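Remarks on the structure that follows.
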Amino acid sequence: MKRTALASLPFLLAACAQAPLTSYTVNSGAERSTEQQALDFEKADIKLRIEPASHSIRGDVLLTFGTRAQLGKIELDLDRNLPIDAIEVDNQVLPAANWNNPEGKLTIALPRPLEPGQQVSVRVRYHGRPHVAKRAPWDGGFVWSQTPDGQPWVASAVQGEGCDLFWPCIDHPAGKARLVDQHISVPAPLVVAGNGLALGMDEADGWRTYHWRARNPSTYGISVNVGPYKELASAYRSRYGNAIPLRLWYLPQSEQGAKELFAEFPQLLDFFETVIGPYPFGDEKMGVVETPHKGMEHQTVNAYGNKYAKTAYGYDELLQHEFAHEWFGNQLTNHNWDDMWLHEGFGTYMQPLYMQYLRGDQEYFASLMQLRSGIENKAPVVSGKPKLEEDVYDTRRGGPGQDIYSKGALILHTLRGLVGDDAFFRSVREIVYGTDTPRPGAFTPRYGSTPEFIAIVKRASGRDLDWFFQAYLYQAALPELQATRSGNTLQLAWKTEKNTPFPMPVEVRVGSRIVSVPMTDGRGSVDLPAGAAEGADYTLDPRSKILRRELRIERFQQYKEEQKKARAQAGA
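Residues -19 to -1, 1 to 553 (mature numbering (1 follows the signal peptide of the UniProt record, and there is no 0)) are what the sequence shown spells out, left to right.
Here is the structure:
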């Protein structure tokens, strides 16, 4: 532990010495301005020179836009702590008076107005020290690290703060460019693992420049990964007939762990392609790169820093979760951070599903139980209003926090039990691909929202389930199943936070048989055997189909909180 702390000290000091990010830059996903919404982002050509010795970068970025409305200015997002050297519009160098960037919203006055349907290119040249991550990936930025033998090891992780930490972009989930080229220059013999397809490497004067090309990458999914990497390469023959390149970049010291992790790739693809549908980026690659931070779902080059850890479940949970985001996050991207559960709830549910796929129900339910004990219910999973990324993750700011993961997954488990596998998985495929019959090459990445998913489920199941989503997504507290006994009759009633309708059917085990109670209008009853003792001979929801309030969980959570406080006091 001391070794880790000492090794990271220079980087922490560098982070402390930096000028702070503005409130605008530190929060990803601010509502796009009228000028930004008028842009159709066609292409980004990102040239970056990475200088590990000085912890600095030099950028030369060419952006190409179409226009949907008349524009007299263009607004981009870029950390103000990266000084701008020059800006060109359609190859015309602008005087410095034509742009300003006081808070991280780079405003560029155009030399002439643009009409709807016109194309414009904007070139921004800049330099500086990008924001250093204090605790990547949770507090993001650049990570300037070293390998065990002292070589440079660099990575970016910017989900929370956004793409504007190192290149001029539109820092919003809906700010994707259709095509992104990266030309990343690093000191030889370092290697760059990038998004999309590798298009070559040039070496001159002690520097290597790697060219990568990706289609429709998510804004925070564009990444920088630099190190003395070795590479494992293979191909996977998909059930859909296409061959998917497999790549893993790892440090030489990690060779055995890397080989074991790489062996998991085909099985992961088998699962996702069987249960969800075609791997969305099969014409590019399934890629993973070892990073000096825990991990992040960077498109086609997932960041992996789990140190090749083993679990009782027999697979790498971090790898599986981050890879799930190729479907839930990169192929399907939320319109707004308020719908982040579409990334994280679905991505988290893939771990129990994977266990069920590989080994059956026991490990499926064991995995779900681990998630259940962490649900906090402090805020609704979805507010119905646009949010910044931090407003979702921070419970102190009224966000659902980690519930978008665990509660989101258990909501999906409950929905699956209610509508059945056929309607459930058809709904999942449609929100991911825009069709429930996807084929490789016949779909592109898309945006989705919670209301769209609700409408899809209604269509697939033939049932109006607004009551379900109102209770689970738009209310903080879980539905409570109240059971009272009157003689030999068990009376059941659902209670929701806002007293909204909740006609969720309930199974009750009575003796050796299971009775299904329709719960029309949220109420129902069950006949019990004559003479049965109070509370005996019946079990509510014996097959654990329903996410609901459970006092035993709350008592456990209270106990854990008391233990945490006691440890803190003992260490004070």
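Even glycine gets a Cβ: it sits at the ideal position worked out from N, Cα and C. Source: prediction; values computed, not measured.
Notebook entry, point to check: Contact between the region 160 to 178 and the region 69 to 88: three or more CB pairs below 8 Å?
Noted result: no
Checklist line | Cα-Cα separation, Leu59 to Asn82 | finding: 8 Å
Next item on the list: Take every Cβ of the region 306 to 318, pair it with every Cβ of the region 455 to 473, and state whether three or more of those distances are shorter than 8 Å.
Entry: no
Margin query: Suppose you measure from the CA of Glu542 to the CA of Arg353; what does that come to, to the nearest Å?
Written below: 16 Å
Note to self: Across the region 210 to 221 and the region 145 to 162, are there enough close Cβ pairs to call them in contact, namely three or more that are closer than 8 Å?
What the structure shows: no
Notebook entry, point to check: Mapping DSSP to helix, strand and coil, what is Gln312?
Noted result: coil
Margin query: Taking the alpha carbon of Leu57 as the reference point, which residue from Arg93, Glu32, Lys24 and Ser14 has its own alpha carbon closest?
Written below: Ser14
Check: Taking buried to mean at least 16 other C-beta atoms within 10 Å of its own C-beta, is Arg536 buried or exposed?
Finding: exposed
Note to self: So, for Val487: in the same chain, excluding its five sequence neighbours on each side, which residues have a beta-carbon less than 8 Å away from its beta-carbon?
What the structure shows: Result list for Val487: Leu462, Leu473, Ser497, Val498, Met500, Gly505, Leu521, Asp522 and Ile527, in chain order.
Note to self: For Ala441, count the other beta carbons within 10 Å of its own beta carbon; 16 or more makes it buried, fewer makes it exposed. Which is it?
What the structure shows: buried
Notebook entry, point to check: Using CA coordinates, which residue listed in Asp502, Gln301 and Gln312 is at the minimum distance from Gly422?
Noted result: Gln312
Check: Which partner residues does Lys24 have in the DSSP bridge list?
Finding: Thr45 and Leu160
Next item on the list: Return the CA-CA distance between Thr481 and Gln451, expressed in angstroms with no decimal places.
Entry: 8 Å
Next item on the list: Use the C-beta contact count for Lys366: other C-beta atoms within 10 angstroms, 16 or more gives buried, fewer gives exposed.
Entry: exposed
Next item on the list: Measure from the alpha carbon of Gly121 to the alpha carbon of each residue in Gly268, Ala136, Leu43 and Ala195, then state which is nearest.
Entry: Ala136
Notebook entry, point to check: So, Ser169 versus Trp193, is the Cβ gap smaller than 9 Å?
Noted result: Going by the sequence as given, residue 169 is Ala instead of Ser. No, they are not a contact pair.
Checklist line | Short Cβ contact (9 Å threshold) for Tyr414 with Gly177 | finding: no
Checklist line | Contact set for Phe483: own chain, Cβ-Cβ below 7 Å, skip 5 residues either direction | finding: So the qualifying residues of the chain are Trp448, Ala452, Pro460, Trp475, Thr477 and Gly503.
Note to self: Relative to the C-alpha of Pro426, which candidate in Leu52, Ile55 and Ala158 has its C-alpha closest?
What the structure shows: Ala158
Note to self: Helix, strand or coil for Gln(-2)? Go by DSSP, reduced to three states.
What the structure shows: In the structure shown, Gln(-2) falls within a coil segment according to DSSP collapsed to helix, strand and coil.
Margin query: When you compare the CB positions of Val113 and Ser9, do they come within less than 9 Å of one another, or not?
Written below: no
Item checked: Gly268 - containing beta strand (DSSP E), residue span -> Met267 to Glu271
Checklist line | C-alpha gap between Thr272 and Leu242, whole angstroms | finding: Each residue's Cα considered, the two are about 14 Å apart.
Next item on the list: Note down, in chain order, each residue of its chain lying with its Cβ closer than 7 Å to the Cβ of Arg49, except the 5 sequence neighbours on either side.
Entry: Cβ contact annotation for Arg49 (same chain, cutoff 7 Å, sequence separation greater than five): Ala19, Asp21 and Pro97, in chain order.
Checklist line | Those residues which DSSP pairs with Ile285 across a bridge | finding: Correcting the residue identity first, residue 285 is Tyr in this sequence and not Ile. Bridge partners of Tyr285: Glu271 and Gly276.
Notebook entry, point to check: Tell me, which residues are paired with Asp193 by DSSP?
Noted result: In the sequence on display, residue 193 carries Trp and not Asp. Gln163 and Ala179, per the DSSP bridge assignment.
Next item on the list: Within its chain, find whatever has a CB closer than 6 Å to the CB of residue 556; leave out the 5 residues flanking it on each side and keep chain order.
Entry: An answer regarding residue 556 cannot be provided, because it is not within the stretch -19 to 553 covered by the chain.
Item checked: Contacting residues, own chain, Cβ-Cβ under 6 Å from Ala(-1) (five flanking each side not counted) -> Close CB contacts of Ala(-1) within its chain, under the 6 Å cut and outside five residues either way in sequence, are with Asn62 (chain order).
Item checked: Local Cβ density within 10 Å of Met350, reported as buried at 16 or more and exposed below that -> exposed
Note to self: Once DSSP output is grouped into helix, strand and coil, what is the label at Pro(-10)?
What the structure shows: Residue confidence for Pro(-10) is low, a pLDDT of 43 falling below 50, so the modelled location carries little weight; the figure read from the coordinates is stated next. Pro(-10): helix per DSSP, three-state reduction.
Item checked: Residues bridged to residue 589 [DSSP beta-bridge criterion] -> Absent from the structure is residue 589, since the part of the chain shown begins at -19 and ends at 553.
Checklist line | Leu532 versus Glu303, Ile356, Lys28 and Val373, residue with shortest Cα-Cα distance | finding: Ile356
Notebook entry, point to check: How would you label Lys546, buried or exposed, when you count the other beta carbons within 10 angstroms and need 16 or more for buried?
Noted result: exposed
Next item on the list: Spell out a yes or no on whether the region 85 to 104 and the region 245 to 256 are touching, meaning 3 or more CB-CB pairs, one atom from each, closer than 8 Å.
Entry: no
Note to self: So if DSSP puts Asp58 in a beta bridge, which residue, or which two residues, is it bridged to?
What the structure shows: Lys86 and Cys150
Next item on the list: Please list, in chain order, all residues of the same chain as Arg104 whose beta carbon is under 6 Å from its beta carbon, the five residues on each side excluded.
Entry: Leu43 and Glu69
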